[in-house]
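S.K.:
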Amino acid sequence: MEVIIIIALTGIAIMMAGALNKPGFSLWIAIAGLMLAFILNFRLWNTNLHLFNDMIVYDNFAVVFNALIIVSSALVFLLFHSHYSPWEKHLDEIAALLIFACTSMMLMTSYGNLVVLFIGIETMSICLYVLAGSRKYELPSNEAALKYFLLGSFATGVMLFGIALIYGASGSFDFHGITSYLTSTGNQTSSMFSIGLLLLTVGLLFKIAAVPFHFWAPDVYEGSPTVITTFMGSTVKIAGVAALYRLYAYHFAAIKPIWATTIMIVSALSFFAAVLMALPQKRFKRLLAYSGISHAGFLLMAVLAMNQYAASALLLYAASYSLATIAAFTVLVEVIEVRWDDELSVFKGMGAKNKFLAFALIVAMLSMAGIPPFSGFMAKFMMFSAVAESGYIVLVVFGVIASAISLVYYLKPITLILSKDESNSTNIKLSWEVIIVLVVTLTLTLIFGIFPGLLTGLL
Amino acid sequence: MVSMENNLNILLLLILLFPLAGFLFSGLFGKTISKLVVGILASTAVFIPFVFSIILAANVSENVISLRLFEWIHFQNFNISFSLMADPLTALMLLIVTGVGFLIHVYSIAYMQDDESFSRFFSYMNLFIFFMLILVISSNFLVMFIGWEGVGLCSYLLIGFWYGDHENNNAAKKAFIMNRIGDLGFLLAIFLIFTTFNSLEFSTVFANASQMISGNSTIFWITLLLFIGATGKSAQIPLYTWLPDAMAGPTPVSALIHAATMVTAGVYMIARSSILYALAPEVLGLIAIVGIATALLAASIAIFQNDIKKVLAYSTISQLGYMFAALGVGAFTGAMFHLTTHALFKALLFLAAGSVIHSLGGEQNINKMGGLSKKIKVTTFVFLIACIAISGIPPFSGFFSKDEILSSLFEKNPLLWILGIIGAIMTAFYMFRLYFLVFKGTYRGSEETAKHIHESSKIMIIPLIILALLSIIGGILGLPEWMGSRHFLQNYLSPVFKNSSQILHETKHLVISEEYILIITSIIGVLIAIVCSWFIYLKRYKVFDAKIPVVFRIFEKKYWMDEIYQFLFVKSTLWLSDFFYQIVEIKWIDAIVNGVGVLVVSTGRRLRYIQNGYTEFYVFMMVLGIIALLFINFLIR
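Top line first, the protein sequences correspond to chains H and C. Counting from 1, position 154 in the first sequence corresponds to residue 154 in my numbering; the numbering is continuous, with no gaps. Counting from 1, position 420 in the second sequence corresponds to residue 1420 in my numbering; the numbering is continuous, with no gaps.
See below:
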């Protein structure tokens, strides 16, 4: 519990610092707060805390995913600080929103009650709507915020309706109550319950941008400030998948036949359709948006596998995806800063003058494509093994085919970077925050690729 | 003895560390020191493993040297370790990779000396050697796959080494992606092996597999999928078209990766899993057919190519086809033998071709060469040796290995042997066509380049001579029994293939008189081919009047395979993705938005102000999605 409180307090402290008009202070508050939370988080290892009548369950799953969320939030925060501070007047308010979003994600990984899940998702979403529009004098940013808000509220409505139906059927928001309802009916749920479950799922699928609830993602990713897109692409997606995994693997495992088909179809559709839709993309942000959709599909495989390997595979996949995404977006942020464009052609000849950025982007792309020795490969390998173990061989076949096709668009930027045409290559100066972000993400991508046991041993 | 064993263990690790260190060094500090130092260090990083490989090769027989580095993935009963091992098969591959690799590194010092990205080149080359060594030294399928993917990555980097060239980029991408299609098969095979045997260690998997009965359906699928992987990496039908395009890379790269080492990985992998294949006779049959078909197809294309490197590329595909044919009839030793000799003479051919290209200032079209034998004598001489070797004329190395494959084919099925002979004849024909057009006759290039024709420097020549010597004497590795000697390689590799040959229990052996007939037939055929080639390309006898006949046009156009693939795979994928993008995302959205817009009156109109805002459509699609999911849910229940 201290973790959630600490992070929430960090957010409040940042707002106070803003009121005191001490700009630049917020970075140190945030770093200190997040580091403290990270340490406290691991003190809860193996304690398996149940708080507030099981409203919050702080088990090892929650601990590792919270750690992952804290780390990626910290990385995004560094990036944010490097890019917002020079010109943003209301820096601290936006910074605080980032931290609040992080707080609510802690709830999404550790809920023991549907209400807590809902509060977590809603708090996170509201922060994100504002963050998407945080460059308030820019039209695309406003547009993205509005779009995200309209579609997000629709999804929230659907999810809330689902929760209400589940409550109506089982008479409880609490998973103990729901489980006893399920046992009393012998896992034969009423249609009210099943529809409720489906609608709840849809709400969550919307948050992780899985097909066919993905339409918002490319538009919103494109319009939002790139730093915020980074946050949406990495941390938010991890939190969403963690919430889904907890929901099914921990609470609805007994009624797997009811939801397995839905998840399987959504998973297959997500990675396959998204891979195909990513192929013709000319803009890097849209390309990463579709790539993110396809990764959502791969992540969902863990929910479907639901065996002893699934949680570890999910952790490794979430970590490597998040690291690669942050690295790729960081490079993009730097490039956009100079070129004001995210057409793929801006990478042309980048390798000549910006070796480090080029290297970072190549590693990120290869990791996402699942090429060893980067962590993306081990992640895909573990994920596919886990799903194969549960007998979904056909899904694995499609997954492997999709990841082979995905190579085509991951190679595009690499090819451009390495091309000798240096006509429009400019030297980009990196701030220390950005260098830290890239060094951390790249090192971890390599370390987890060679020693995946470091993560998979945890769960 | 125990300590000795331990020392050898460490060699396995050291073999890997040197090229890795070389890669890091050239990559990080290569720019700051002189080119020569980078080149020497990079070559040393391959030479030291070569010495270690010799020590290993001398010490392995029945006993397998293995080293478990660390527990890689471990949780519950999921257990994969990062472990290495060396048995005779590994030792042979190690010698080829490090030996030929070292010579090519030395050669490259001179070949690449004017290139501005000299250190980048050597760092990639060392990285390639590192991954190739991982591939052959691994003791489980996953570590092998890491090497497998790693060499693919390095191949991508090296083909596209001169990135300024758009064509190179495309070739590199094509090679990488085609390889990935094959890898898909390998990866699926790994999953299947894991779910079947609950382990990926070679020792466990093969020990368990040998308990199974022949014709087991799981084994069938595993071997088939592994074979698909092999077709990608070793450029067999249907995944061979990337290799000729890969020639866009620097010539030493073609010699190292696309002739001697990486492309043979598929052969190695199948030989390594020989027990599994022995249990899947149907797949073996398929491999034999694919192998011989590839050998013929590629040879027929090679006859009409005009780019010196493309001829060699198709020749490589064709020779790999022979290796696969040998694997397919269960002649695992024969395949490995041919792999060895081929690595020597094909590396030599490529390096000699590189020397020619170098001396002509980058010219690769053989119609603009000719008469070079007077000016670059050493290159001509070694090229001729390699031509004789690959054509299969005794006593050069290629003769023995090809003869062994051909007689294995005959034992299995005389028809296969006939096809093999036809391929061998074509091989001799196109190789000597190349030789005559490049080195004999009169010079047909421009005057300007003629002035600069010069023999390459010593650093390039010495590796050529060493390889030429090896190409001549390489045959002693496997002198056939009819010559009254022991087959050295057969004995050396027998611990590896013992079980699989027991399962296949090949008892039929040719009598010596039969052997003689086969050999004499093939030698006569080859000699006739060379004479024909001499008449047509040197004496310029007009066999065809001006125009090439229709049948040969098919060869010349490479059976339109590239175009067919373009249409079948690339176009169809693009079409599908276009469908999603254009039709679903843009046209349908437009149509539906316009249609629905009338219905969703007020909100719709307000939202329309958002630039290309299809928000109401997105909501509409989400609702459709929910309905579809509900429908599926209740339909299935």
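Just so you know, even glycine gets a beta-carbon here, dropped at the ideal spot from N, CA and C. Quantities reported herein were computed from a predicted structural model and do not represent experimental measurements.
(1) For Q1211 (chain C) and S1501 (chain C), what's the separation of their Cα atoms in angstroms?
(2) Please return the same chain residues whose Cβ sits closer than 8 angstroms to the Cβ of S1139 (chain C), not counting the five positions on each side in sequence.
(3) Classify L1327 (chain C): buried if its beta carbon has 16 or more other beta carbons within 10 angstroms, exposed otherwise.
(4) For G33 (chain H), count neighbouring C-beta atoms within 10 Å of its own C-beta (all shown protein chains included) and say buried if the count is 16 or more, exposed if not.
(5) Within its chain, find whatever has a CB closer than 7 angstroms to the CB of N1367 (chain C); leave out the 5 residues flanking it on each side and keep chain order.
(6) Give me, in chain order, the residues of the same chain whose beta-carbon lies closer than 6 angstroms to that of M301 (chain H); leave out the 5 immediate sequence neighbours on both sides.
(7) Do A96 (chain H) and M35 (chain H) count as a contact pair if the criterion is CB distance below 8 angstroms?
(8) Which residue wins for smallest C-alpha separation from G370 (chain H), given the options C:S1214, C:G1150, C:K1377, C:M1262?
(9) State the beta-bridge partners of E1201 (chain C) as determined by DSSP.
(10) On the premise that L244 (chain H) lies in contact with Y409 (chain H), defined as a C-beta separation below 8 angstroms, what is that separation, rounded to the nearest angstrom?
(11) Could you tell me whether any Cβ in chain C is nearer than 8 angstroms to the Cβ of S375 (chain H)?
(12) When we look at the beta-carbon of V1511 (chain C) and count the other beta-carbons within 10 Å, is it buried (16 or more) or exposed?
(13) What does R1180 (chain C) touch in chain H if you count any residue whose Cβ is under 8 angstroms from its own?
(14) Kindly give me the distance between the Cβ atoms of L1279 (chain C) and S1214 (chain C), rounded to whole angstroms, as I take these residues to be in contact under 8 angstroms.
(15) I need the boundaries of the beta strand (DSSP E) containing H50 (chain H), first residue and last residue.
(16) Would you tell me roughly how many angstroms separate the C-alpha atoms of K282 (chain H) and I1270 (chain C), rounded to the nearest one?
(17) Just the Cα atoms here: how many angstroms apart are I1462 (chain C) and V1526 (chain C)?
(18) For V434 (chain H), which residues of its own chain have a beta-carbon under 7 angstroms away from its beta-carbon, when the five flanking residues on both sides are left out?
(19) Applying the 10 Å Cβ sphere with the 16-neighbour rule, what's the burial state of P1414 (chain C)?
(20) Bridge partners for N1208 (chain C) per DSSP, in chain order?
(21) Residues of chain H with CB under 8 angstroms from G1160 (chain C), in chain order?
(22) Pull out every residue of the segment 217 to 230 of chain H whose Cβ sits closer than 7 angstroms to any Cβ of chain C, in chain order.
(23) Residues of chain C with CB closer than 7 angstroms to the CB of L467 (chain H), please, in chain order.
(24) Thinking C-alpha only, which one of C:M1460, C:G1249, C:G1330 is nearest V1283 (chain C)?
(25) Helix, strand or coil for N1365 (chain C)? Go by DSSP, reduced to three states.
(26) When Cβ atoms are compared, which residues of the segment 141 to 154 of chain H fall closer than 8 angstroms to chain C?
(27) Using a Cβ-Cβ distance cut-off of 8 angstroms, determine whether G453 (chain H) contacts chain C.
(28) Quick one, which of H:L200, H:L344, H:F175, H:L146 has its alpha-carbon nearest D54 (chain H)'s?
(29) What residue range does the alpha helix (DSSP H) around V1356 (chain C) cover?
(30) Hey, would you say A358 (chain H) sits closer than 8 angstroms to M368 (chain H), going by beta carbons?
(31) Tell me the DSSP secondary structure of D174 (chain H) in three-state form.
(32) Taking just the CA atoms, how far does I1459 (chain C) sit from F1023 (chain C)?
(33) What number of angstroms, rounded off, separates the C-alpha of I1385 (chain C) from the C-alpha of F1439 (chain C)?
(34) With H, G and I counted as helix, E and B as strand and the rest as coil, what does DSSP make of R283 (chain H)?
(35) Determine the burial state of A254 (chain H): buried for a count of at least 16 other Cβ atoms within 10 Å of its Cβ, exposed for fewer.
(36) How many Å lie between K1374 (chain C) and L1360 (chain C) at the Cα?
M.R.: Reading off the structure:
(1) For the purposes of this step, residue 1211 (chain C) is identified with residue 211 of the second sequence, where counting begins at 1. For the purposes of this step, residue 1501 (chain C) is identified with residue 501 of the second sequence, where counting begins at 1. Distance between the alpha carbons of Q1211 (chain C) and S1501 (chain C): 15 angstroms.
(2) For the purposes of this step, residue 1139 (chain C) is identified with residue 139 of the second sequence, where counting begins at 1. The residues are S1066, S1083, L1084, M1085, E1201, F1202, S1203.
(3) Translated into the one-based positions of the second sequence, residue 1327 (chain C) becomes position 327. Per the 10 Å Cβ criterion, buried.
(4) What you label residue 33 (chain H) is simply residue 33 of the first sequence in a count that begins at 1. Buried, because 16 or more other Cβ atoms sit within 10 Å of the Cβ of G33 (chain H).
(5) Residue numbering aside, residue 1367 (chain C) sits at position 367 when the second sequence is read from its first letter. Taken in chain order, the residues that qualify are N1306, R1444.
(6) Numbered from 1 along the first sequence, position 301 holds the residue referred to as residue 301 (chain H). Contacts found: S267, M383, V387.
(7) What you label residue 35 (chain H) is simply residue 35 of the first sequence in a count that begins at 1. What you label residue 96 (chain H) is simply residue 96 of the first sequence in a count that begins at 1. The answer is no: Cβ separation not under 8 angstroms.
(8) For the purposes of this step, residue 370 (chain H) is taken as residue 370 along the first sequence, with counting starting at 1. Of C:S1214, C:G1150, C:K1377, C:M1262, the residue nearest in Cα terms is C:G1150.
(9) Position 201 of the second sequence, counted from the first residue, corresponds to residue 1201 (chain C). E1201 (chain C) is bridged to C:N1140.
(10) For the purposes of this step, residue 409 (chain H) is taken as the residue at position 409 of the first sequence. For the purposes of this step, residue 244 (chain H) is taken as the residue at position 244 of the first sequence. That pair is no contact at about 26 angstroms.
(11) By 1-based counting over the first sequence, the position of residue 375 (chain H) is 375. Not closer than 8 angstroms to any Cβ of chain C, the Cβ of S375 (chain H) fails to qualify, so no.
(12) Translated into the one-based positions of the second sequence, residue 1511 (chain C) becomes position 511. Exposed is the call here.
(13) Numbered from 1 along the second sequence, position 180 holds the residue referred to as residue 1180 (chain C). What R1180 (chain C) touches in chain H: A404, L407.
(14) For this step, residue 1279 (chain C) is matched to residue 279 along the second sequence. For this step, residue 1214 (chain C) is matched to residue 214 along the second sequence. So it is a contact: roughly 5 angstroms between Cβ atoms.
(15) Position 50 of the first sequence, counted from the first residue, corresponds to residue 50 (chain H). Where H50 (chain H) is concerned, the enclosing beta strand (DSSP E) stretches over 49 to 51.
(16) Residue mapping note: residue 282 (chain H) aligns to position 282 of the first sequence, counting from 1. Residue mapping note: residue 1270 (chain C) aligns to position 270 of the second sequence, counting from 1. In a straight line, the C-alpha of K282 (chain H) is about 41 angstroms away from that of I1270 (chain C).
(17) To locate residue 1462 (chain C), count along the second sequence from 1; it is residue 462. To locate residue 1526 (chain C), count along the second sequence from 1; it is residue 526. Between I1462 (chain C) and V1526 (chain C), the C-alpha separation is close to 30 angstroms.
(18) Here residue 434 (chain H) corresponds to residue number 434 of the first sequence, with the count starting at 1. Only L79, S82, T330, E334 meet the Cβ criterion.
(19) Residue 1414 (chain C) sits at position 414 when you count from the first residue of the second sequence. P1414 (chain C) is exposed by the Cβ-count criterion.
(20) To locate residue 1208 (chain C), count along the second sequence from 1; it is residue 208. The partner list for N1208 (chain C) (beta bridge, DSSP) is empty, contrary to what the question assumes.
(21) As a position in the second sequence, residue 1160 (chain C) is number 160, starting the count at 1. Simply T415, L418.
(22) none
(23) Because chain H here runs from 1 to 459, residue 467 (chain H) falls outside it and cannot be looked at.
(24) As a working mapping, residue 1283 (chain C) is identified with position 283 in the second sequence. Answer by Cα proximity: C:G1330.
(25) Stepping through the second sequence from its first residue, residue 1365 (chain C) is reached at position 365. Three-state result, N1365 (chain C): strand.
(26) E143, L146, K147, L150, L151, F154
(27) Here residue 453 (chain H) refers to the residue found at position 453 of the first sequence. G453 (chain H) counts as touching chain C.
(28) For the purposes of this step, residue 54 (chain H) is identified with residue 54 of the first sequence, where counting begins at 1. The shortest Cα separation from D54 (chain H) among H:L200, H:L344, H:F175, H:L146 belongs to H:F175.
(29) Working through the second sequence from its first residue, we reach residue 1356 (chain C) at position 356. Where V1356 (chain C) is concerned, the enclosing alpha helix (DSSP H) stretches over 1332 to 1359.
(30) Counted from its first residue, the first sequence places residue 358 (chain H) at position 358. Counted from its first residue, the first sequence places residue 368 (chain H) at position 368. It is not a contact, given that the beta carbons lie outside the stated cut-off.
(31) Mapped onto the first sequence, residue 174 (chain H) falls at position 174. Strand.
(32) Residue 1023 (chain C) sits at position 23 when you count from the first residue of the second sequence. Residue 1459 (chain C) sits at position 459 when you count from the first residue of the second sequence. Taking the straight line joining both Cα atoms gives about 22 angstroms.
(33) The residue you call residue 1385 (chain C) lines up with position 385 of the second sequence. The residue you call residue 1439 (chain C) lines up with position 439 of the second sequence. When rounded, the distance between both Cα atoms is 13 angstroms.
(34) Looking up residue 283 (chain H) in the first sequence gives position 283. DSSP places R283 (chain H) in strand when its eight states are reduced to three.
(35) Sequence index remark: in the first sequence, residue 254 (chain H) carries index 254 (1-based). Exposed: under 16 other Cβ atoms inside 10 Å.
(36) As a first step, residue 1374 (chain C) must be located in the second sequence, where it is residue number 374. As a first step, residue 1360 (chain C) must be located in the second sequence, where it is residue number 360. In a straight line, the C-alpha of K1374 (chain C) is about 14 angstroms away from that of L1360 (chain C).
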